[in-house]
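Residue numbers (the UniProt record's numbering): 1 to 619.
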């Protein structure tokens, strides 16, 4: 008789404990142990120890098989963090799980060493991974979200998601409380049902007396300044639109005398333009030299347009929807034992539930977009399709995007400066992991699970469109490193850059109106302060939009900042050392950003400070 010492760790979060019957079997190269009952008491945060007896030595343990019986009177899901097995010789092997077991089910958990199916893998491992992926493909199903848009998860309600994709109790409670408290505040103040226009812009400050930030206060003071209008395209929440103008558009209807005072005597606009359209009486060109309210209203219209492009193209498509595609494809094509699964999965946390909730409560029929946003009531799919037409691999890879837009040397472009630091730190992490597991390019091209993952992202996320430049397969380590860096940065740094500052920049309504009640002015010289008030959204529309912006800008409890690998999925020393170096790099970047911000008088750019970057798209 041979005895193995087994330790079973239960998750520490609320709801992880279980009183259902749990059994285990050890599967080794020389056979497997009989199924053995562990018990029915697994307190949250506990690590319990058992002796598993087998007739003979099982050799190297390849995976453990966990059995969960149905609970009485109802199912009691169990969160297993890991299983640790110590052999009779004293050798210890960790089997990281960090998954929920619910209902009547069996789960096989591979040892923590990352394994590729490129050479000499035990057939039992191959079979185990096939079973795991077959099961996941039944659970994580694709469905069409909108014509011309990325596919999404086949779930019309968050309750239809598997337990591993759901919010923790802590996050759900925090999210729900923030949503309810914010809505209650504006309701008690009488804003919810008020359809009147604003009579004084200063009254907007009364909506949230205590929900203010350093930057939001400054924005409300600076919003009319032309310098701030330009600054926002560099360091606001949509810093990916601005580009260097190489050639003036041929139909750009601006004449020399309009801008002579700005350009000076050394530049002749007519030599740089080829005028193809003449401004009509109802299509005026607004200039900074125009009367105050003409120019102010013109800038507000630009801000309104940029607001819509940001919310649907930059924010929804390029972070939320792509992160959802990465999430589903990972569950369907990369088993838990694959090293890239271990690397990617921290950056997919809670994305499916937040997106399902968004499709119901925000951008779905009757949602807040219908109530407060001009892109509501059918506009989201239209703008989303247009944004898809412009989506490229280049725009998702920060160094390439900066270069393509000609923004390499523009000063005080903090999105670029901080973003590149974070990108390079992620790239260093990815490079270390890839080069450790993939010894040459051949291993990349011959990894069937990796190639299936990349192909599914290409077909379901980018609809098989080769013009995007997105690869459908990867042939070298360099290509893989770039691709993985893009995936992780999209889910973490990029989302932080385009989401976290929404309340800062948009809570002052004129700087980011979610809708407009009047068309753009057809003539100059007629705009007044009252004209501006009449054009802006009414009170309840404004406050609904502000509530959304507050909610989206404040990550609920149960946060995991970039670099937080709380779930230890890598058990080998080298990957653990690479992760530690990554965390140290992020700490250094954070210190640099904080030191810079301490010297800035005015608006501070803090959205790409690693301490403020959530690891995943989870809000």
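No residue lacks a Cβ here, since even glycine has one placed at the ideal position from N, Cα and C.
Assuming residue i and residue j make a contact with CB atoms under 8 Å, what is their CB distance in whole Å?
i, j, result
"residue 219", "residue 508", "5 Å"
"residue 64", "residue 124", "Incorrect: roughly 12 Å between the Cβ atoms, too far for contact."
"residue 343", "residue 433", "5 Å"
"residue 489", "residue 398", "6 Å"
"residue 582", "residue 425", "6 Å"
"residue 83", "residue 97", "7 Å"
"residue 468", "residue 392", "5 Å"
"residue 493", "residue 608", "6 Å"
"residue 23", "residue 347", "Wrong, their Cβ atoms sit about 33 Å apart, outside the cutoff."
"residue 300", "residue 510", "6 Å"
Exposed or buried, residue i, counting other C-beta atoms within 10 Å across all chains shown (16 or more means buried)?
i, result
"residue 243", "exposed"
"residue 232", "buried"
"residue 29", "exposed"
"residue 119", "exposed"
"residue 1", "exposed"
"residue 155", "buried"
"residue 403", "exposed"
"residue 134", "exposed"
"residue 80", "buried"
"residue 519", "exposed"
"residue 49", "exposed"
"residue 419", "buried"
"residue 410", "exposed"
"residue 177", "exposed"
"residue 374", "buried"
"residue 168", "buried"
"residue 576", "exposed"
"residue 193", "exposed"
"residue 268", "Here residue 268 scores only 49 on pLDDT, less than 50, and its place in the model is too uncertain to base an answer on."
"residue 57", "exposed"
What residue from the options has the CA that sits closest to residue i's CA?
i, options, result
"residue 209", "195, 186 and 200", "186"
"residue 131", "142, 110 and 143", "110"
"residue 592", "505, 417, 502 and 531", "417"
"residue 601", "214, 560, 415 and 238", "214"
"residue 117", "168, 550 and 443", "443"
"residue 605", "527, 501, 578 and 529", "501"
"residue 363", "378, 350 and 349", "378"
"residue 60", "88, 237, 282 and 616", "88"
"residue 37", "21, 43 and 103", "21"
"residue 228", "390, 603 and 618", "603"
"residue 174", "568, 556 and 549", "556"
"residue 594", "511, 584, 612 and 35", "612"
"residue 197", "234, 67, 480 and 531", "531"
"residue 516", "129, 19, 371 and 205", "371"
"residue 31", "565, 54 and 180", "54"
"residue 528", "217, 297, 338 and 182", "297"
"residue 171", "543, 182 and 354", "354"
"residue 523", "451, 158 and 287", "287"
Name, in chain order, the residues that DSSP records as bridge partners for residue i.
i, result
"residue 610", "DSSP, once it has assigned bridges, lists no residue as partnering residue 610."
"residue 222", "Answer is none; residue 222 lacks a bridge partner."
"residue 22", "39 and 68"
"residue 632", "Since the displayed the chain opens at 1 and closes at 619, residue 632 lies outside it and no answer follows."
"residue 92", "86"
"residue 61", "28"
"residue 2", "54"
"residue 49", "7"
"residue 109", "64"
"residue 561", "614"
"residue 336", "Its beta-bridge partners do not exist; DSSP assigns none."
"residue 101", "78"
If you draw a straight line from the C-alpha of residue i to the C-alpha of residue j, how long is it?
i, j, result
"residue 586", "residue 482", "19 Å"
"residue 241", "residue 306", "9 Å"
"residue 13", "residue 47", "14 Å"
"residue 203", "residue 533", "12 Å"
"residue 289", "residue 295", "8 Å"
"residue 541", "residue 151", "30 Å"
"residue 52", "residue 396", "50 Å"
"residue 457", "residue 126", "23 Å"
"residue 498", "residue 558", "21 Å"
"residue 272", "residue 190", "Any reading at residue 272 must be qualified, since the residue scores a pLDDT of 37, below 50, and its modelled position is unreliable; no value is offered."
"residue 401", "residue 336", "32 Å"
"residue 345", "residue 283", "51 Å"
"residue 304", "residue 380", "15 Å"
"residue 448", "residue 480", "14 Å"
"residue 386", "residue 405", "19 Å"
"residue 408", "residue 246", "14 Å"
"residue 93", "residue 487", "30 Å"
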